[in-house]
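Asker: Shown below is the structure under consideration.
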Amino acid sequence: LPTDFDWRDRGAVAAVKNQGACGSCWSFSTTGALEGANFLATGKLVSLSEQQLVDCDHECDPEEPGSCDSGCNGGLMNSAFEYTLKAGGLMREEDYPYTGTDRGTCKFDKSKIVASVANFSVVSLDEEQIAANVVKNGPLAVAINAVFMQTYVGGVSCPYICSKRLDHGVLLVGYGSAGYAPIRMKEKSYWIIKNSWGENWGENGYYKICRGRNICGVDSMVSTVAAVQTTS
Amino acid sequence: KSEPLIRQVVGGADNLNDPRLGAEHHFELFKRRFGKSYKSQEEHDHRFKVFRANLRRARRHQSLDPSATHGVTQFSDLTPAEFRRTFLGLRSRLRLPSDANKAPILPTDS
Numbered sequence: 001l002p003t004d005f006d007w008r009d010r011g012a013v014a015a016v017k018n019q020g021a022c023g024s025c026w027s028f029s030t031t032g033a034l035e036g037a038n039f040l041a042t043g044k045l046v047s048l049s050e051q052q053l054v055d056c057d058h059e060c061d062p063e064e065p066g067s068c069d070s071g072c073n074g075g076l077m078n079s080a081f082e083y084t085l086k087a088g089g090l091m092r093e094e095d096y097p098y099t100g101t102d103r104g105t106c107k108f109d110k111s112k113i114v115a116s117v118a119n120f121s122v123v124s125l126d127e128e129q130i131a132a133n134v135v136k137n138g139p140l141a142v143a144i145n146a147v148f149m150q151t152y153v154g155g156v157s158c159p160y161i162c163s164k165r166l167d168h169g170v171l172l173v174g175y176g177s178a179g180y181a182p183i184r185m186k187e188k189s190y191w192i193i194k195n196s197w198g199e200n201w202g203e204n205g206y207y208k209i210c211r212g213r214n215i216c217g218v219d220s221m222v223s224t225v226a227a228v229q230t231t232s
Numbered sequence: 233k234s235e236p237l238i239r240q241v242v243g244g245a246d247n248l249n250d251p252r253l254g255a256e257h258h259f260e261l262f263k264r265r266f267g268k269s270y271k272s273q274e275e276h277d278h279r280f281k282v283f284r285a286n287l288r289r290a291r292r293h294q295s296l297d298p299s300a301t302h303g304v305t306q307f308s309d310l311t312p313a314e315f316r317r318t319f320l321g322l323r324s325r326l327r328l329p330s331d332a333n334k335a336p337i338l339p340t341d342s
């Protein structure tokens with residue numbers, strides 16, 4: 001595996017978005033992963049619609065009664081992939097723009113689908129496998145505990161103690177090998193995480209979290225998605 | 233070998249109300265920077281209290297997470313519960329679905 005890898009340098013990552021005051025992080029994580037997969041399949045980067053997921057995806061978790069994707073009230077990336085698979089795909093961002101509110105009515109137009117899911121799968125907890133999957137398959141949808149993200153300004157986050165209770169959906173776009181951790185007096189490797197709180201948060205909208213110890217549960221729920229290859 | 237042994241990661245109670253934090257000044261800068269305004273004086277006072285608590289929290293986070301920088305963000309006038317309710321939204325589950333496809337193991341040595 002390369003020591004450093006970043007899908008942003010390879011054109012597979014759309015601009016940082018802003019979910020606003022709406023618990024729709026799961027939809028941004030989902031679209032980010034599919035945007036990357038679609039780039040790998042087609043060579044084109046197309047920004048996809050989160051609002052379609054917010055309005056139209058009510059997919060439920062078969063193993064947890066009452067746990068369904070529910071717009072600004074939350075959801076799960078794997079359920080959203082399942083919805084996308086069943087619905088046929090996602091529309092373009094500009095065809096179904098984000099409002100950050102639960103509108104209640106679904107305005108999905110099947111004729112405007114631009115990216116479709118071929119399949120999705122969960123990646124094992126092994127960090128080498130996570131790295132291998134991001135390199136081979138594109139950005140990964142991951143869940144994380146966001147407690148340190150409320151006050152994060154920059155640098156490599158590597159808290160001594162962090163809960164592994166997952167509460168936020170983000171996108172893993174790559175990794176680096178040399179984030180300096182002064183207290184540990186050595187270079188620390190880290191994951192590069194794309195967030196959905198706008199460019200004014202963190203490092204231009206991105207978060208760096210150190211690798212190696214499943215910090216804040218970042219290795220616990222990792223999903224990779226493949227897009228349908230199109231000829232157009 | 234270079235991992236730390238034991239290190240104090242929380243400040244003493246004296247630090248929590250450190251006047252050097254200059255909370256009023258920081259709050260004014262925060263409001264200006266993020267375009268925040270509050271509909272009443274009560275709301276303003278409440279948000280200032282929350283902001284002050286978050287400054288202390290940022291200091292704690294800085295101690296616990298020294299390789300990152302923690303400080304004032306656009307969420308500094310929100311309690312942790314408000315932050316979770318408004319900006320997080322993962323329907324948490326403890327285990328992965330049993331029927332989920334598992335990604336094949338990839339070679340990592342080449």
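Those protein sequence lines, which keep their order, are chains Z and C.
Under my numbering, the first residue of the first sequence carries the number 1, and numbering increases by one thereafter.
Under my numbering, the first residue of the second sequence carries the number 233, and numbering increases by one thereafter.
Using N, Cα and C, we set each Cβ at its ideal position, and we do this for glycine too.
1. Are any of the Cβ atoms in chain C nearer than 8 Å to that of Asp167 of chain Z?
2. Thr105 of chain Z: buried (16+ other C-beta within 10 angstroms of its C-beta) or exposed?
3. At a CB-CB cut-off below 9 Å, which residues of chain Z make contact with Lys334 of chain C?
4. Roughly how many angstroms lie between the CA atoms of Val13 of chain Z and Asn204 of chain Z, to the nearest whole one?
5. Using a Cβ-Cβ cut-off of 8 Å, state whether His276 of chain C counts as contacting chain Z.
6. Quick check on Ala285 of chain C: does DSSP put it in helix, strand or coil?
7. Quick check on Ala12 of chain Z - is its C-beta less than 8 Å from some C-beta in chain C?
8. Please report the straight-line C-alpha distance between Arg103 of chain Z and Gln52 of chain Z, rounded to a whole angstrom.
9. Is the Cβ-Cβ distance between Ala146 of chain Z and Leu320 of chain C less than 8 Å?
10. Using CA coordinates, which residue listed in Z:Trp197, Z:Thr224, Z:Ser157 is at the minimum distance from Ser189 of chain Z?
11. At a Cβ threshold of 8 Å, is Thr340 of chain C touching chain Z?
12. Check whether chain Z comes within 8 Å of Ser299 of chain C, counting only Cβ atoms and requiring the distance to be less than that.
13. Would you say Gly303 of chain C faces chain Z, with C-beta separation under 8 Å as the test?
14. Where do the ends of the beta strand (DSSP E) carrying Gly154 of chain Z lie?
15. Can a CB atom of chain Z be found closer than 8 Å to the CB of Phe315 of chain C?
16. Pairing CB atoms from the segment 119 to 138 of chain Z with CB atoms from the segment 87 to 102 of chain Z, are three or more of them under 8 Å?
17. Does DSSP classify His258 of chain C as helix, strand or coil?
18. I'd like the list of long-range same chain contacts for Ser235 of chain Z, defined as Cβ closer than 6 Å, with 5 residues on each side in sequence excluded.
19. What whole-angstrom Cβ distance do Ala131 of chain Z and Phe108 of chain Z have, given they're in contact under 8 Å?
20. In whole angstroms, give me the CA-to-CA distance for Lys336 of chain C and Asn18 of chain Z.
21. Using a C-beta to C-beta distance shorter than 7 Å, which residues of chain C count as neighbours of Ala143 of chain Z?
22. For a contact defined as C-beta to C-beta under 7 Å, what are the partners of Leu1 of chain Z on chain A?
23. In the DSSP assignment, what residue or residues form a beta bridge with Tyr206 of chain Z?
24. Measuring only the C-alpha atoms, how far is Arg289 of chain C from Phe148 of chain Z?
25. Using a cut-off of 8 Å between C-beta atoms, extract the partners of Gly23 of chain Z located in chain C.
26. Pull up the CB-CB distance for Ser220 of chain Z and Leu125 of chain Z, whole angstroms please, since I reckon it's below 8 Å.
Answerer: Well, looking at it:
1. Position 167 of the first sequence holds residue 167 of chain Z. Asp167 of chain Z counts as touching chain C.
2. Residue numbering aside, residue 105 of chain Z sits at position 105 when the first sequence is read from its first letter. Thr105 of chain Z comes out exposed.
3. Your numbering for residue 334 of chain C matches position 102 in the second sequence. Those are Ser121, Val122, Val123, Ser124, listed as they occur along chain Z.
4. Here residue 13 of chain Z is taken as the residue at index 13 of the first sequence, counted from 1. Here residue 204 of chain Z is taken as the residue at index 204 of the first sequence, counted from 1. Distance between the alpha carbons of Val13 of chain Z and Asn204 of chain Z: 14 Å.
5. Residue numbering aside, residue 276 of chain C sits at position 44 when the second sequence is read from its first letter. No, no contact with chain Z.
6. Mapped onto the second sequence, residue 285 of chain C falls at position 53. Of the three classes helix, strand and coil, the one that applies to Ala285 of chain C here is helix, per DSSP.
7. Taking the first residue of the first sequence as 1, we reach residue 12 of chain Z at position 12. Not an interface residue.
8. As a first step, residue 103 of chain Z must be located in the first sequence, where it is residue number 103. As a first step, residue 52 of chain Z must be located in the first sequence, where it is residue number 52. Roughly 11 Å between the two C-alpha positions.
9. Here residue 146 of chain Z refers to the residue found at position 146 of the first sequence. Here residue 320 of chain C refers to the residue found at position 88 of the second sequence. Cβ distance < 8 Å, so Ala146 of chain Z and Leu320 of chain C count as in contact.
10. On the first sequence, residue 189 of chain Z is found 189 positions in, with the first residue counted as 1. Among Z:Trp197, Z:Thr224, Z:Ser157, the Cα nearest to that of Ser189 of chain Z belongs to Z:Ser157.
11. For this step, residue 340 of chain C is matched to residue 108 along the second sequence. Closer than 8 Å: yes.
12. The residue given as residue 299 of chain C occupies position 67 in the second sequence. Yes, because at least one Cβ of chain Z sits closer than 8 Å to the Cβ of Ser299 of chain C.
13. Here the question's residue 303 of chain C lines up with position 71 in the second sequence. Output row for Gly303 of chain C: interface = yes.
14. Numbered from its first residue, the first sequence carries residue 154 of chain Z at position 154. It spans 152 to 157 - the beta strand (DSSP E) in which Gly154 of chain Z sits, taken as one unbroken run.
15. Residue mapping note: residue 315 of chain C aligns to position 83 of the second sequence, counting from 1. Yes, Phe315 of chain C lies at the interface with chain Z (some Cβ there is under 8 Å from its Cβ).
16. no
17. What you label residue 258 of chain C is simply residue 26 of the second sequence in a count that begins at 1. Residue state, collapsed to three classes: helix.
18. This structure cannot settle anything about residue 235 of chain Z, because the visible part of chain Z is limited to 1 through 232.
19. Against the first sequence, residue 131 of chain Z aligns to sequence position 131. Against the first sequence, residue 108 of chain Z aligns to sequence position 108. The pair is not a contact, with the Cβ atoms about 35 Å apart (cut-off 8 Å).
20. Position 104 of the second sequence, counting from 1, holds the residue named residue 336 of chain C. Position 18 of the first sequence, counting from 1, holds the residue named residue 18 of chain Z. Lys is not the amino acid found at residue 336 of chain C; the sequence shown has Pro there. Rounded to whole angstroms, Pro336 of chain C to Asn18 of chain Z spans 33 Å at the Cα level.
21. Within the first sequence, the letter at position 143 stands for residue 143 of chain Z. Within chain C, the residues near Ala143 of chain Z are Leu322.
22. The chain labelled as chain A is not found among the protein chains of the depicted structure, namely Z and C.
23. Against the first sequence, residue 206 of chain Z aligns to sequence position 206. Per DSSP, Z:Lys194, Z:Glu203.
24. As a first step, residue 289 of chain C is located in the second sequence; it is residue number 57 there, counting from the start. As a first step, residue 148 of chain Z is located in the first sequence; it is residue number 148 there, counting from the start. Between Arg289 of chain C and Phe148 of chain Z, the C-alpha separation is close to 10 Å.
25. By 1-based counting over the first sequence, the position of residue 23 of chain Z is 23. Going along chain C in sequence order, the residues near Gly23 of chain Z (Cβ under 8 Å) are Arg317, Thr318, Phe319, Leu320, Gly321.
26. Taking the first sequence and counting its residues from 1, the one referred to as residue 220 of chain Z is at position 220. Taking the first sequence and counting its residues from 1, the one referred to as residue 125 of chain Z is at position 125. At roughly 7 Å, the Cβ-Cβ gap stays under 8 Å, so Ser220 of chain Z and Leu125 of chain Z are in contact.
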